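The sequence shown: position 345 = 370 (our numbering), numbered continuously.
In what follows, a single structure is set out as structure tokens and then discussed.
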Amino acid sequence: MNHVYADNAATTALSDTAFNAMLPYLKEQFGNPSSLYMAGQKAQEALYQARETVARCLHADPKEITFTSGGSEADNQAILTGAFLGAQKGKKHLISSAFEHHAVLHTLKKLEKQGFEVTLLPVHEDGFVRVDELREAIREDTALVTVMFANNEIGTIQPIAEIGAVCREKGVLFHTDAVQAAGHVPIDVQAMGIDLLSLSAHKFHGPKGVGALYAKKGVRLFTLIEGGAQERGKRAGTENVPGIVGMAAALEEACAGMEKNNLSIKGLRDRIAAQLTKIPHSKINGVPERGLAGTLNMCFEGVEGESLLLLLDDRGISASSGSACTSGSLDPSHVLLALGLPHEVAHGSLRLSLSAYNTEEDARRIIEHVPQVVAYLREMSPVWKDLEEGKRKHVI
Ligand SMILES: *Cc1c(COP(=O)(O)O)cnc(C)c1O
Numbered sequence: 026m027n028h029v030y031a032d033n034a035a036t037t038a039l040s041d042t043a044f045n046a047m048l049p050y051l052k053e054q055f056g057n058p059s060s061l062y063m064a065g066q067k068a069q070e071a072l073y074q075a076r077e078t079v080a081r082c083l084h085a086d087p088k089e090i091t092f093t094s095g096g097s098e099a100d101n102q103a104i105l106t107g108a109f110l111g112a113q114k115g116k117k118h119l120i121s122s123a124f125e126h127h128a129v130l131h132t133l134k135k136l137e138k139q140g141f142e143v144t145l146l147p148v149h150e151d152g153f154v155r156v157d158e159l160r161e162a163i164r165e166d167t168a169l170v171t172v173m174f175a176n177n178e179i180g181t182i183q184p185i186a187e188i189g190a191v192c193r194e195k196g197v198l199f200h201t202d203a204v205q206a207a208g209h210v211p212i213d214v215q216a217m218g219i220d221l222l223s224l225s226a227h228k229f230h231g232p233k234g235v236g237a238l239y240a241k242k243g244v245r246l247f248t249l250i251e252g253g254a255q256e257r258g259k260r261a262g263t264e265n266v267p268g269i270v271g272m273a274a275a276l277e278e279a280c281a282g283m284e285k286n287n288l289s290i291k292g293l294r295d296r297i298a299a300q301l302t303k304i305p306h307s308k309i310n311g312v313p314e315r316g317l318a319g320t321l322n323m324c325f326e327g328v329e330g331e332s333l334l335l336l337l338d339d340r341g342i343s344a345s346s347g348s349a350c351t352s353g354s355l356d357p358s359h360v361l362l363a364l365g366l367p368h369e370v371a372h373g374s375l376r377l378s379l380s381a382y383n384t385e386e387d388a389r390r391i392i393e394h395v396p397q398v399v400a401y402l403r404e405m406s407p408v409w410k411d412l413e414e415g416k417r418k419h420v421i
């Protein structure tokens, strides 16, 4: 029986369209885009086309797109750019949110050690930042606001256009980590007042190790990688031509099919949610109706997330407990803690993230196996025993 892949927030399968677009550049068309002879110029032309495609999907200008090695690099470069541009004017205050991806949070931590001050906006129980709290947090010396478009663990889509409007009004640079959003929800950098935006190909059925950073015209990017004059001097190193071509093909396909895909993905997600919420003492984290179509994050009291995942894996279901980057550790998710969930509950989380490649049969198997595994784990759980015997109070 096929494996059920329900971890699309961690990474996605490469689409046939992206794969086929990449093939020639992996083999025959291997020229270096910086070379002046024909083979190089063909690669250069492929980069040009890819840049146009990515720009079109974001309502940006091709000159505003810099290719990177992925979402993490784009996040690092965007935030360091905001920090350095601010510092040049004596502004050393940065604003973000408590539930960002570690590519953002760890970059901010590094800047904090270098004398920047960081304010992390609280994320309310519903999984959203509040625009009025952002407005209050902005100061004379605020250099950058960085708030993610959609959260990778609970899927909530933040009020990006409102945040952009506040930043524009206050004259503060605005970056958004749109790695989970690109290819999944409509993005218009102009209408949304976005100055810097990160995306990553492998979250929308493109290849791994390639991403893009949008920087609005006039925002001078700080360079992380010095060397040749590739990417207009913003990012040195011979371009990942097959990766970039694959990313553009995947993004174009994702944007064209967005409405239709989201409708079917949401149908599966909602069907799963309707059944899994029947499990006693379970809870959905975030607000699915105001989130990404495919994300469902749930807690089951008395159940440890890691064990849940391993048992689901035995039954042929790949899911996640919070963030893939930290699931090697036993720390509860910083995202769920930011929502105000107690430690013991945040441990028991399950993230299912679906894509257009999931089927009715996948949903059926998730609906069949998750309640069985939860019941099995609760039977063995000392915490659950205490809850049942009333020695401990139910939190959910
Ligand atoms: C996956 C992810 C990243 C990191 O992207 P990579 O391409 O894997 O470096 C950053 N931010 C969010 C929200 C993500 O989901």
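Even glycine gets a Cβ: it sits at the ideal position worked out from N, Cα and C.
The structure displayed is predicted, hence computed values, not measured ones.
Listed in chain order, the non-local C-beta contacts of residue 47 below 8 Å within the same chain comprise 232, 267, 268, 270, 271, 274, local neighbours out to five positions each way being set aside. Cβ atoms of residue 120 and residue 162 come within 8 Å of each other, at about 5 Å. Burial state of residue 239 is buried, judged by a 10 Å Cβ sphere holding 16 or more other Cβ atoms. Ranking 31, 127, 92 by CA distance to the CA of residue 358 puts 127 first. Three or more pairs of CB atoms, one per stretch, sit closer than 8 Å, so the stretch 316-323 contacts the stretch 179-190.
Assignment of residue 145 by DSSP, reduced to helix, strand and coil, places it in the strand class. If you keep only unbroken alpha helix (DSSP H) runs of at least 4 residues inside the stretch 317-371, you get 330-339, 359-363, 368-371. Within 8 Å of the C-beta of residue 135 there is not a single heavy atom belonging to ligand 1. With fewer than 16 other Cβ atoms inside 10 Å of its own Cβ, residue 245 counts as exposed. Between the C-alpha atoms of residue 405 and residue 391 there is a straight-line separation of about 21 Å.
Taking 8 Å as the cut-off, the C-beta of residue 95 counts as close to a heavy atom of ligand 1. The DSSP-derived three-state label of residue 169 is strand. Between the stretch 102-112 and the stretch 147-156, the count of Cβ pairs shorter than 8 Å is below three; the stretches do not touch. Here DSSP, grouped into helix, strand and coil, assigns residue 131 to helix. Sequence-distant Cβ neighbours of residue 69 in its own chain, meaning closer than 6 Å and more than five residues away, are 58. Contact between the stretch 213-223 and the stretch 189-199 is established, with three or more Cβ pairs separated by less than 8 Å.
Between residue 293 and residue 309, the CB-CB gap reaches or exceeds 9 Å. A straight line joining the alpha-carbon of residue 171 with that of residue 416 spans about 44 Å.
Minimum Cα-Cα distance from residue 97 among the listed residues 30, 237, 345, 261 corresponds to 237. Just so you know, the alpha carbons of residue 50 and residue 73 end up roughly 14 Å apart.
The beta carbon of residue 264 sits closer than 7 Å to the beta carbons of 58, 72, 92, 255 from its chain, once the five residues preceding and following it are set aside; these are given in chain order. For the 9 Å CB-CB criterion, residue 332 and residue 376 do not form a contact. With a threshold of 8 Å, the Cβ atom of residue 34 counts as near ligand 1, since some heavy atom of the ligand is closer than that. Rounded to the nearest whole angstrom, the CA to CA distance from residue 115 to residue 140 is 11 Å. For residue 29, the secondary structure class from DSSP, reduced to helix, strand or coil, is strand. Residue 239 sits in a strand when the DSSP states are folded into three classes. Measuring C-alpha to C-alpha distances from residue 360 to each of 42, 62, 175 identifies 175 as the nearest. Within its own chain, the residues whose Cβ lies closer than 7 Å to the Cβ of residue 77, once the five positions on either side in sequence are excluded, are 87, listed in chain order.
For residue 374, there is no enclosing alpha helix (DSSP H); the residue is found in the beta strand (DSSP E) stretching over 374-378.
Inclusion of residue 100 in the 8 Å shell around ligand 1 follows from its C-beta lying nearer than that to a non-hydrogen atom of the ligand. Sixteen is the threshold: when 16 or more other Cβ atoms of the shown chains lie within 10 Å of the Cβ of residue 100, as they do, the residue is buried. Residue state for residue 202 is assigned as strand, using DSSP reduced to three classes.
Rounded to the nearest whole angstrom, the C-alpha separation of residue 136 and residue 64 is 42 Å. Cβ neighbours of residue 249 within its own chain (closer than 8 Å, five residues either side excluded): 98, 101, 102, 105, 260. Placement of the Cβ of residue 176 at a distance of less than 8 Å from at least one heavy atom of ligand 1 is found. By a beta-carbon distance limit of 8 Å, residue 388 contacts residue 296. Their separation comes to about 6 Å.
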